[in-house]
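Per the UniProt record's numbering, residue 1 is the first one in the sequence shown, and the count goes up by one each step. Note that CB positions come from ideal geometry on N, CA and C, so glycine has one too. These numbers were taken from a predicted model, which means no experiment stands behind them. Before any comments, here is the structure.
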Amino acid sequence: MPLIQRQFCSIPRCIMSSHGAPIPMTSSACGPLTGEARVPGDKSISHRSLILGALSVGETRISGLLEGQDVLDTAKAMRAFGATVTDHGGGEWSVYGVGVGGFAEPDGVIDCGNSGTGVRLIMGAMATSPISATFTGDASLNGRPMARVTDPLALFGAQSHGRQGGRLPMTLVGAADPVPVTYTVPVPSAQVKSAVLLAGLNAPGQTVVIEAEATRDHTERMLAGFGAEISVEDTDEGRVITLTGQPELKPQKIDVPRDPSSAAFPVCAALIVPGSDVLVPGIGLNPTRAGLFTTLREMGADLTYENERVEGGEPVADLRARFSPDLTGIEVPPARAASMIDEYPVLSVVASFARGDTVMRGVKELRVKESDRIDAMASGLRANGVAVEDGPDWWIVTGQGHGNVAGGATCASFLDHRIAMSFLVLGMATQKPVKVDDAGPIATSFPIFEPLMAQLGARIQREDG
């Protein structure tokens, strides 16, 4: 089938709001999805670009920054800590940094909205400076555990005072005389690892992080790019990352690759909608992030990489996804979980249209994301006619085969952008439409999701709230 070229340059930056009244949406079965899906910039790299730019001396220029609410909240936070952050339009931003240890004490509360990545990385970046800051977020973020970050930050000398259970709102008092630490990450978490490394920037000597399972390594790559002395070694203990503290970070020019987590939604939709042929250009394929695409290909997906290349130290390719009617359920290796933890919700949607069981183990981290993602997806899939079993750190989706998923239910998003988008993808291939009670949170990570999918051919309709 020939590819229809469609461009998205005219799509407004902010299509949805992640705050205020709920935005119910209904997704219905549609014709072939065709065209070019230019998804936004990578969220992980966008957060880190702003934070490391603020910790550098001089001006960092950023192209292709994701302008979802999560990243915009991080930009506001960097301004509050004293950096000059400027939006030049069209995804072009600049950050004039204050240097390692140069953060000023903010005048007001730092509101990180829905972003666990933002708040945990920012806490790490300020934890070894002699200042205090109070952090809060939306209802979802304020219910998420912060002890996994504040515990290792306490080893540097930082103190935290929050609600019961280590939850936001929380005041963090930075260490006046920080000490370097050696920390073994108890569960795979790029956020925890990154928070410790960012704190280590302003501690004397060497800070060492040990992780048994490799997680996304954008922080290590970008620290090296900004001029930090950092080494990574695979040992019998696991992956050992050693950072020498108190460097002078050098400003950079950063081209943010497109987000593989956002690409997951048009890619997965194309696989389950008959006749589809979608190209997603310029996607970052960092091996610590590409687990979903490997898994889909093992299930029999017609998913190919074109024009593979390296940009800014990150592997990049164009992804072509075509309708795949003969998908087969598989057991996803637990060791792959860290490289695709955010993509399990939409993988479970694809698994619903496969034949047989898709088994996902070692995924307890899903229960403490923006929502309990296992429970949210299992409940919604069951309501739409899909058999799901689940336990503390596993779940199994029994596929119905192409054309056999009933649909027809209303699904709760639980203020979780990935849950909302996953169920909207589900409705594109079910027998009856699928409704999401509130799609507003999609703005936190993928503000152009609705018009982008519509231009590919999806039928997503807003309902009266």
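*Straight-line gap, residue 346 to residue 149 (C-alpha atoms, nearest Å)*: 27 Å
*When you compare each of 264, 304, 387 and 328 to residue 319 by their alpha carbons, which one comes out closest?*
304
*asked:* I'd like to know if the region 362-370 and the region 233-252 are in contact, where contact means that at least 3 CB-CB pairs between them fall below 8 Å.
replied: no
_With 16 other Cβ atoms within 10 Å as the buried cut-off, status of residue 260_ = buried
_Along the chain, where does the alpha helix (DSSP H) containing residue 417 start, and where does it finish?_
417-426
*By Cβ distance, which residues of its chain are closer than 8 Å to residue 323, with the 5 residues on each side in sequence left out?*
Excluding positions up to five away in sequence, the list reads 32, 270, 271, 272, 273, 274, 275, 276, 277 and 302.
*Quick one: measure Cβ to Cβ for residue 65 and residue 256, integer angstroms, because I've assumed they're closer than 8 Å.*
Yes, residue 65 and residue 256 are in contact; Cβ-Cβ is about 6 Å, under 8 Å.
*Where do the N-terminal and C-terminal ends of the beta strand (DSSP E) with residue 161 fall, by residue?*
159-163
*Pull up the CB-CB distance for residue 207 and residue 180, whole angstroms please, since I reckon it's below 8 Å.*
5 Å
_DSSP state of residue 142 mapped onto helix, strand, coil_ = helix
_Contiguous beta strand (DSSP E) assignments of at least 3 residues, all confined to the region 180-242_ = 182-185, 206-211 and 230-234
_Backbone CA spacing between residue 120 and residue 397 [nearest angstrom]_ = 32 Å
*How should residue 46 be labelled, buried or exposed, when 16 other C-beta atoms within 10 angstroms of its C-beta is the threshold for buried?*
buried
*Short Cβ contact (8 Å threshold) for residue 212 with residue 238*: Yes; because the gap between Cβ atoms is below 8 Å, this pair is in contact.
_Would residue 141 and residue 114 qualify as a contact pair, given that the criterion is a beta-carbon distance under 8 Å?_
yes
*From which residue to which residue does the beta strand (DSSP E) around residue 349 run?*
For residue 349, there is no enclosing beta strand (DSSP E); the residue is found in the alpha helix (DSSP H) stretching over 344-352.
*In chain order, which beta strand (DSSP E) runs of at least 3 residues are fully inside the region 387-421?*
387-391 and 394-400
*Could you please give me the residues that DSSP links to residue 81 through a beta bridge?*
Paired residue(s): none; residue 81 is not in a bridge.
*State the DSSP-derived secondary structure class of residue 169, mapped to helix, strand or coil.*
strand
_Backbone CA spacing between residue 362 and residue 189 [nearest angstrom]_ = Each residue's alpha carbon lies about 13 Å from the other.
*Decide if residue 231 is buried, meaning its Cβ has at least 16 other Cβ atoms within 10 Å, or exposed.*
exposed
_Could you tell me which whole beta strand (DSSP E) segments of length 3 or greater appear in the region 355-389?_
You should have 355-361.
_Sequence-distant residues of the same chain with beta carbon closer than 7 Å to residue 226, five excluded per side_ = 52, 56, 249, 250 and 252
*Taking buried to mean at least 16 other C-beta atoms within 10 Å of its own C-beta, is residue 247 buried or exposed?*
buried
*Which residues mark the beginning and the end of the alpha helix (DSSP H) in which residue 151 is found?*
147-156
*Opposing strand residues paired with residue 27 [DSSP bridges]*: 434 and 460
*What residues in its chain sit with their C-beta under 6 Å from that of residue 42, if we drop five residues either side in the sequence?*
256, 257, 259 and 284
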